[in-house]
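Everything below concerns the one structure shown next.
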Amino acid sequence: MQAAIDQKKPGAKLSREIQAKLGQQLRAVYDDVVNQGVPDRFAALLEQLDKSDKGNS
Amino acid sequence: MDPAVRQAVLNAIPSLRAFAISLCGNVDRADDLVQETMLRALANIHSFQPGTNMSAWLFTILRNHFRSEYRKRRREVEDTDGSYAESLKSHPEQQGHVEFNEFREALAKLPPDQREALILVGASGFSYEEAANICGCAVGTIKSRVNRARTRLAELMSIDNVDEFGPDHTTRAVLAGGDR
Numbered sequence: 025m026q027a028a029i030d031q032k033k034p035g036a037k038l039s040r041e042i043q044a045k046l047g048q049q050l051r052a053v054y055d056d057v058v059n060q061g062v063p064d065r066f067a068a069l070l071e072q073l074d075k076s077d078k079g080n081s
Numbered sequence: 069m070d071p072a073v074r075q076a077v078l079n080a081i082p083s084l085r086a087f088a089i090s091l092c093g094n095v096d097r098a099d100d101l102v103q104e105t106m107l108r109a110l111a112n113i114h115s116f117q118p119g120t121n122m123s124a125w126l127f128t129i130l131r132n133h134f135r136s137e138y139r140k141r142r143r144e145v146e147d148t149d150g151s152y153a154e155s156l157k158s159h160p161e162q163q164g165h166v167e168f169n170e171f172r173e174a175l176a177k178l179p180p181d182q183r184e185a186l187i188l189v190g191a192s193g194f195s196y197e198e199a200a201n202i203c204g205c206a207v208g209t210i211k212s213r214v215n216r217a218r219t220r221l222a223e224l225m226s227i228d229n230v231d232e233f234g235p236d237h238t239t240r241a242v243l244a245g246g247d248r
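First to last, the protein sequences are chains A and B.
Going left to right, the first sequence walks through residues 25 to 81 as my numbering numbers them.
Going left to right, the second sequence walks through residues 69 to 248 as my numbering numbers them.
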């Protein structure tokens with residue numbers, strides 16, 4: 025119902041619903057990057073570090 | 069390198085990148101930060117306490133490194149708060165789904181302290197205690213930063229009403245903004 029639109033005062037405590045929505049968007053933005061996995065440059069770097077490690081010991 | 073350490077570092081990389089991007093707003097810069105973090109971590113691996121959370125340890129190194137770099141840069145060039153938002157705009161395609169751009173812009177406008185607290189607790193999955201350790205502050209400080217971040221985000225996205233919020237709202241804004 026249109027009449028149900030409530031006027032939020034600035035600084036008012038956020039409703040649980042809004043908090044949940046914000047949390048969802050935050051995780052979606054974050055997971056967009058997480059789901060890209062490990063870019064090749066980092067896998068290569070670890071391998072390279074591993075090799076030089078073995079060379080030293 | 070201990071295979072367990074290697075695996076733990078590998079496992080942490082995706083989340084470290086997401087955190088780094090949220091700190092500096094630029095994918096290339098973030099990847100450099102992650103690489104520098106890996107090098108620092110492995111050079112100081114003796115100071116890592118086995119049995120503690122490797123991921124939290126790596127986040128701490130990344131966060132401290134970013135802070136010291138950021139301070140240095142601030143001295144060199146006048147780095148306004150707008151630079152983060154600007155760098156976001158320069159690589160929108162690298163950041164993922166466009167429907168979240170409105171949210172990303174709002175996130176970019178948060179003060180850095182609030183943004184990092186919100187990300188650590190709300191997205192990286194750290195407890196308030198872990199986030200406090202990573203940021204080197206009190207648990208209560210993290211809690212209040214997270215609360216302020218949420219309130220500010222809601223204001224920035226001008227949410228008066230839950231129905232206005234979310235992909236539908238963004239889609240309407242996009243449709244209204246560009247005709248094609």
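Just so it is clear, CB atoms sit at the ideal spot from N, CA and C, and this is done for glycine as well.
Integer-rounded CB distance, given that residue j should sit under 8 Å from residue i
i      : j      : result
B:F168 : A:A52  : 6 Å
A:V62  : B:L78  : 6 Å
B:F194 : B:A80  : Contact flag wrong, Cβ pair sits at about 12 Å.
B:A88  : B:L130 : 6 Å
Nearest-angstrom Cα separation, counted from residue j out to residue i
i      : j      : result
B:A185 : B:A191 : 10 Å
A:L70  : B:P71  : 11 Å
B:T209 : B:D181 : 10 Å
B:S134 : B:L188 : It is worth fixing the name first, because residue 134 of chain B is Phe in this sequence and not Ser. Spanning the two alpha carbons is a distance of roughly 15 Å.
B:A206 : B:Y196 : 9 Å
B:F116 : A:Q72  : 21 Å
A:S39  : B:A222 : 10 Å
A:Q41  : A:Q48  : Note that residue 41 of chain A is Glu in the sequence shown, not Gln. When rounded, the distance between both Cα atoms is 11 Å.
B:R139 : B:C203 : 16 Å
B:R183 : A:Q60  : 22 Å
B:N201 : B:S90  : 19 Å
B:E146 : B:N94  : In this prediction, B:E146 scores a pLDDT of 48, lower than 50, which makes its location untrustworthy; the coordinate-derived value is nonetheless stated afterwards. Roughly 18 Å between the two C-alpha positions.
A:D55  : A:D77  : 33 Å
B:N132 : B:Q75  : 23 Å
B:R141 : B:V214 : 26 Å
Outcome for residue i when other beta-carbon atoms lying within 10 angstroms are tallied against a minimum of 16
i      : result
B:T105 : buried
B:N112 : exposed
A:A44  : exposed
B:S212 : exposed
B:R172 : buried
Contact check, residue i vs residue j, beta carbons under 7 Å
i      : j      : result
B:R218 : A:L46  : yes
B:A98  : B:C92  : yes
B:L126 : B:A109 : yes
B:M122 : A:D74  : no
A:V58  : B:P179 : no
B:K177 : B:L107 : no
Chain D contact residues for residue i, given Cβ-Cβ distances below 9 Å
i     : result
B:S83 : Absent here is chain D; the protein component of the structure consists of chains A and B.
Open item on the list: So if I threshold CB-CB distances at 8 Å, which residues from the segment 165 to 186 of chain B count as touching chain A?
Closed with: Listed by position along the chain: H165, F168, F171, R172, L175 and L186.
Task: Residues in the segment 194 to 221 of chain B having any Cβ partner in chain A nearer than 8 Å - done: Under the 8 Å Cβ criterion, the segment 194 to 221 of chain B contributes R218, T219 and L221.
TODO: Below 9 Å between beta carbons is the criterion; list the residues of the segment 89 to 119 of chain B that meet it against any residue of chain A, in chain order.
DONE: Correct list: I89, S90, V95, A98, D99, V102, Q103, M106, L107 and L110.
Task: Interface positions of the segment 43 to 71 of chain A facing chain B (Cβ-Cβ less than 8 Å), listed along the chain - done: Taking 8 Å as the Cβ-Cβ cut-off, the segment 43 to 71 of chain A approaches chain B at Q43, K45, L46, G47, Q49, L50, R51, A52, V53, Y54, D55, D56, V57, V58, N59, Q60, G61, V62, P63, R65, F66, A67, L69 and L70, given in chain order.
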